[in-house]
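Engineer:
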Amino acid sequence: MRLTRLARVAAILVVAVVSACATRSDKLTFATWGSVDEMALLKPMLADFTAKTGKEVELVHIPESYFQKLPILFASRQAPDVLFLNNMTLPAYADSGALLPLDERLDASPALDEADYYAQGLEAMRWKGKLYAMPRDLSNLVVYVNQDMFEKAGLPLPRPDWSMVEMLEVARRLGSNPSQSKDPQARSFGISFDKRPLFWLPYLWSEGGDLFDPGFTRSTLAEPQAIDAMQFYADLAHRHHVAPREFDTGNAPMAQLFAQGRLAMFVSGRWSVPGFRKSLTFDWDVLPFPRGSAGSIVDVDASGWAVSAQSERPDDAWKLIEHLAGKEASTAFSDGGLIVPARQDVAEAAGFLGAGMAPRSSRTFLDALATGRPTRTPPNWGEVTTVLDLELGPLWRGEASASQVLPRAARRIDELLRQN
Amino acid sequence: MRIAKTLAKLPRHDGFWAILLAGPTLLGILVFNLLPIMGSFWLSLTKWNLLSEPRFIGLKNYQDLLSDSLFYQVMGQTFAFVGMVVALELVGGVLVAMALNSKLRGAKWLRTAYFLPFVTSMVAVSIVWGWVFDPANGALNMLLKAFGATPVAWLSDPNIALPSLAFLTAWKGLGYAMMLVFAGLQAIPAQYDEAASIDGANAVQRFFRVTLPLLSPTIFLVAVLSTINAFQAFDAVYLLTGGGPANRTTTIVYWLYQNAFIHYNLGKASAIAYVLFAVLFLLTLIQWGVRKKWVYAE
Chain A
1 MRLTRLARVA AILVVAVVSA CATRSDKLTF ATWGSVDEMA LLKPMLADFT AKTGKEVELV
61 HIPESYFQKL PILFASRQAP DVLFLNNMTL PAYADSGALL PLDERLDASP ALDEADYYAQ
121 GLEAMRWKGK LYAMPRDLSN LVVYVNQDMF EKAGLPLPRP DWSMVEMLEV ARRLGSNPSQ
181 SKDPQARSFG ISFDKRPLFW LPYLWSEGGD LFDPGFTRST LAEPQAIDAM QFYADLAHRH
241 HVAPREFDTG NAPMAQLFAQ GRLAMFVSGR WSVPGFRKSL TFDWDVLPFP RGSAGSIVDV
301 DASGWAVSAQ SERPDDAWKL IEHLAGKEAS TAFSDGGLIV PARQDVAEAA GFLGAGMAPR
361 SSRTFLDALA TGRPTRTPPN WGEVTTVLDL ELGPLWRGEA SASQVLPRAA RRIDELLRQN
Chain B
1001 MRIAKTLAKL PRHDGFWAIL LAGPTLLGIL VFNLLPIMGS FWLSLTKWNL LSEPRFIGLK
1061 NYQDLLSDSL FYQVMGQTFA FVGMVVALEL VGGVLVAMAL NSKLRGAKWL RTAYFLPFVT
1121 SMVAVSIVWG WVFDPANGAL NMLLKAFGAT PVAWLSDPNI ALPSLAFLTA WKGLGYAMML
1181 VFAGLQAIPA QYDEAASIDG ANAVQRFFRV TLPLLSPTIF LVAVLSTINA FQAFDAVYLL
1241 TGGGPANRTT TIVYWLYQNA FIHYNLGKAS AIAYVLFAVL FLLTLIQWGV RKKWVYAE
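Top to bottom, those sequences are chains A and B. Counting with the numbering used here, you get residues 1 to 420 for the letters of the first sequence. Counting with the numbering used here, you get residues 1001 to 1298 for the letters of the second sequence.
#1: Any C-beta of chain A within less than 7 Å: which residues of the stretch 1225 to 1250 of chain B qualify?
#2: Quick check for students: name the residue ranges of the alpha helix (DSSP H) that lie wholly in the stretch 1016 to 1103 of chain B, counting only runs of 4 or more.
#3: My assumption, with CB atoms under 8 Å, is that B/Leu1185 sits in contact with B/Ala1097. Please give the rounded CB distance.
#4: Assuming A/Val142 is part of the beta strand (DSSP E), what are its boundary residues?
#5: Please name the residue or residues paired with A/Pro341 in a DSSP beta bridge.
#6: Tell me A/Arg373's beta-bridge partners as DSSP assigns them.
#7: Who are the Cβ neighbours of B/Asn1155 in its own chain at under 7 Å, not counting the five residues just before and after it?
#8: Across which residues does DSSP place A/Gly292 in a beta bridge pair?
#9: Closest to A/Val143 by C-alpha separation, out of A/Ala325, A/Thr217, A/Val273 and A/Ala153, would be which residue?
#10: Within the same chain, show all residues whose beta-carbon is closer than 6 Å to that of B/Met1084, passing over the 5 residues directly before and after it, in chain order.
#11: Below 9 Å on C-beta distance, what does B/Ile1262 contact in chain A?
#12: Relative to the C-alpha of A/Ile321, which candidate in A/Leu83, A/Ala119 and A/Ala370 has its C-alpha closest?
#13: Assign A/Cys21 to buried or exposed, taking buried as 16 or more other Cβ atoms, counted over all protein chains shown, within 10 Å of its Cβ.
#14: Quick check: the stretch 277 to 291 of chain A against the stretch 98 to 112 of chain A, are at least 3 beta-carbon pairs closer than 8 Å?
#15: Are the Cβ atoms of B/Gly1244 and A/Gly393 separated by less than 8 Å?
#16: What do you get for A/Ser65, buried or exposed, if any count of 16 or more other CB atoms within 10 angstroms of its CB means buried?
#17: Three or more C-beta pairs closer than 8 Å, one from the stretch 74 to 83 of chain A and one from the stretch 363 to 377 of chain A: is that the case here?
#18: Comparing the C-beta of B/Ser1052 with each C-beta of chain A, is any distance below 8 Å?
#19: Quick check on DSSP: helix, strand or coil for A/Val286?
#20: Along the chain, where does the alpha helix (DSSP H) that runs through A/Phe199 open and close?
#21: Using a beta-carbon distance below 8 Å, is A/Tyr93 in contact with chain D?
#22: Identify each residue in the stretch 224 to 250 of chain A for which the Cβ-Cβ distance to at least one residue of chain B is less than 8 Å, and report them in chain order.
#23: Excluding the 5 residues preceding and the 5 following A/Tyr117 in the sequence, name in chain order all residues of the same chain whose CB lies nearer than 7 Å to its CB.
#24: Any beta carbon from chain B within less than 8 Å of A/Ala22's own beta carbon?
#25: Mind checking whether A/Ile297 and A/Ala243 have CB atoms under 8 Å apart?
#26: Expressed to the nearest angstrom, what Euclidean distance is found between the alpha-carbon atoms of A/Val405 and B/Glu1089?
#27: In terms of alpha-carbon separation, which member of B/Gly1058, B/Ser1197 and B/Met1075 lies closest to B/Phe1277?
#28: Do the CB positions of A/Ala264 and A/Val145 come within less than 8 Å of each other?
#29: Provide the residue span of the beta strand (DSSP E) that contains B/Val1295, from first to last.
#30: Beta-carbon within less than 8 Å of B/Arg1209's beta-carbon, same chain only, minus the 5 sequence neighbours each way: which residues are those?
#31: Does DSSP put A/His323 in a helix, in a strand, or in coil?
#32: Check whether the Cβ of A/Ser362 sits closer than 7 Å to any heavy atom of the ligand HEM, and report yes or no.
#33: Taking only beta-carbon atoms, is A/Asp389 less than 8 Å away from chain B?
#34: Could you confirm whether any beta carbon from chain A is found closer than 8 Å to the beta carbon of B/Pro1135?
#35: Show which residues of chain B have a CB atom less than 8 Å away from the CB atom of A/Ile72.
#36: Does the beta-carbon distance from B/Val1086 to B/Ala1273 come in below 8 Å?
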């Protein structure tokens, strides 16, 4: 009697706990990051998908710390069927077998045609030759210029095929002389500086350097071209004083300096356009990144949709990707000007180029795709970035030269590559 | 009536009730504490990136840790950080509490003011101090510049960043230490002080010979609490420095987080957690052992 009552209480507890843990709906799950504006675009697309196919989609919106939460979903066997990711993080997932290869599905797809996409975008989503995600957008870097500052300095806008040497010269004449104004609050600067890899990779690549050899067997950061390129970038801030040092601007983001009219040239991506259209009070335009000895090469990074290898409905998952990567959805995503679409047909259309709106040279974003390249990353890219951050710190702070820090950085990256 | 009958039928045995009433809590501890703690020990013996299956590698994570120079650097920094925070909170807490205990005007308001940071979220505190520490536009450097001094890179100078973080952590915790010490002071009967004073002891002697010994149980409590608190420091590091510059503000808990959720190296992160556990366990044993030597009336 006693035992059965105890057992009943225990049974109720167990059922409550288990049912709380195990509710997994039959809906297709889809994880993504993105702003409120992006969600407002996305939700009607998902509703449209449900209306067309009868399949319901559960949107898992993770606006912050996405790449900290996503692997936990995989580890707990709760991985979303469709997930949004970018080319820098893709190798970690693809290499662990967490994603389904999509080549055959794309070849057989009646809705999507490989030829409609920029080759660089698809290339960015490959790992060891296999395609693991359909790209939504490509982000690359251009140089935003404050035309009023050029005019005031009596300088013509540089031609699109300008070189690094010209860039340094122009920057010198645009920024205020550090010896004349001691107060950094009053100083203006020629060109932006950011120590994150995204922003120094164009300097490295354009001078013929790279981070890794093609097979990810070793780091090539200690080679002479790489050392020269990285030293040139550090010198912009610490030798030529045309770019702000941390002391000059503190935590103020470069975009803020540019908007305040204190920065003549700002290296940034497409994401700056919507805000600049609203807030800038001066004339502005975009230029391609300047040419080095190897050309003008910026990062072409892609974000897109992949299918989890844990998915129990990979066919439906692929259908959703077909829907989101199609021409209609892609047009809706890029009309606001936030992203460069991965689809060539959409990018070339009037909506994206935004005729009549700043920047006048909108095409620069598309032209830079042709010469740019995706950031190739090994599966343990997270650890590599930690090492880069640590070892390159003295260079970016002006405390050591590139030839002092890069050999050690390369050795430490070599160790990490051996662990893959 | 029926309820009474049902109740009467229930067993009278105390054990049954004990298990029934403690059951939900025990179940919670089992599911959310004990099982994960055991699970993470198993994980510390594996290589696991969350995405593929864990692979058993024995004690390799521990061996790697002990031969990693960064491990000793992080440990050293954590102890330095804890030392600074505990010292600042103890000395500051006692001084402020003494001042507020001395019939100062507006003492009530000051007590509230000192206590406010403690009840503010660490995230908000960190964001505000991020502005204060800003090298170009921050309040601290504005002040230095007003006096003609060279500005300091509070959070990006490798030698200053850790003390900066310790200072803000102590600033936040000071109110709590002050409150405990204040309560301790109020519990000391005034007669002792008067008696010492009649015997000819001056203020300094009275403080060191009477007040401080009687306050030692409180000080011990504050020391233990702020040690535990400081060892768990994460928010300020995460929000203000990301462990930099040059890893010089990487504390053990931040390092654990970095290995688990930025490097996806759960095995190593679990091993760090177990080493941290061993260190804290040892430290607690030492604290309790030493306590008998200096804590009054125990």
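Beta carbons: idealized from backbone N, C-alpha and C, even for Gly.
Structural biologist: Let's see:
#1: Along the stretch 1225 to 1250 of chain B, the positions whose C-beta sits under 7 Å from a C-beta of chain A are Gly1244, Pro1245, Ala1246 and Asn1247, read in chain order.
#2: List check, alpha helix (DSSP H) in window: 1035 to 1043, 1060 to 1066 and 1069 to 1101.
#3: That belief holds up - the Cβ atoms of B/Leu1185 and B/Ala1097 are roughly 6 Å apart, short of 8 Å.
#4: Element bounds for A/Val142: Leu141 to Asn146.
#5: A/Pro341 is bridged by DSSP to A/Asp137.
#6: Bridge partners of A/Arg373: A/Asp299.
#7: In the sequence as presented, Asn is not what sits at residue 1155 of chain B; that position holds Leu. The beta carbon of B/Leu1155 sits closer than 7 Å to those of Phe1133, Ala1161, Ser1164, Leu1240 and Thr1241, all from its chain and outside the five residues before and after it, given in chain order.
#8: When DSSP reads this structure, A/Gly292 sits in a beta bridge with A/Gly295.
#9: The shortest Cα separation from A/Val143 among A/Ala325, A/Thr217, A/Val273 and A/Ala153 belongs to A/Val273.
#10: So the list reads Ala1166, once near-sequence residues are dropped.
#11: Here the neighbours are Phe67, Gln68, Gly382, Glu383, Thr385 and Thr386.
#12: Closest option to A/Ile321, Cα to Cα, is A/Leu83.
#13: Because the pLDDT of A/Cys21 is 49, which lies under 50, any placement of that residue in the model is unreliable, and the question is left without a value.
#14: These segments do not touch.
#15: Cβ atoms of B/Gly1244 and A/Gly393: closer than 8 Å.
#16: It counts as exposed.
#17: Using a C-beta cut-off of 8 Å, the stretch 74 to 83 of chain A makes no contact with the stretch 363 to 377 of chain A, since fewer than three inter-stretch Cβ pairs fall below that distance.
#18: Taking Cβ atoms only, chain A reaches closer than 8 Å to B/Ser1052, which makes this a yes.
#19: The answer is strand: DSSP assigns A/Val286 an E or B state.
#20: A/Phe199 -> alpha helix (DSSP H) spans Pro197 to Ser206.
#21: Absent here is chain D; the protein component of the structure consists of chains A and B.
#22: Cβ proximity to chain B below 8 Å picks out Glu246, Phe247, Asp248, Thr249 and Gly250 from the stretch 224 to 250 of chain A.
#23: Contacts found: Pro135, Ala342, Arg343 and Gln344.
#24: Low confidence applies here, because A/Ala22 scores a pLDDT of 47, under 50, leaving its location unreliable and the question unanswered by this model.
#25: Judged by their CB atoms, A/Ile297 and A/Ala243 are not nearer to each other than the 8 Å cut-off.
#26: If you take the alpha carbons of A/Val405 and B/Glu1089, they lie about 39 Å apart.
#27: Checked all of B/Gly1058, B/Ser1197 and B/Met1075; the closest Cα to B/Phe1277 is B/Met1075.
#28: In contact: A/Ala264 and A/Val145 (Cβ atoms closer than 8 Å).
#29: Going by DSSP, B/Val1295 is part of no beta strand (DSSP E) at all; its letter is neither H nor E.
#30: Within the same chain, Ala1196 and Ala1201 come within 8 Å of B/Arg1209 by CB-CB distance, once the 5 residues on both sides are set aside.
#31: Note: A/His323 maps to helix in three-state DSSP.
#32: Among the components modelled here there is no ligand, and therefore nothing to report on the ligand HEM.
#33: Closer than 8 Å: yes.
#34: Yes, because at least one Cβ of chain A sits closer than 8 Å to the Cβ of B/Pro1135.
#35: Under the 8 Å cutoff, chain B gives Leu1050.
#36: B/Ala1273 is positioned such that its CB atom lies no closer than 8 Å to that of B/Val1086.
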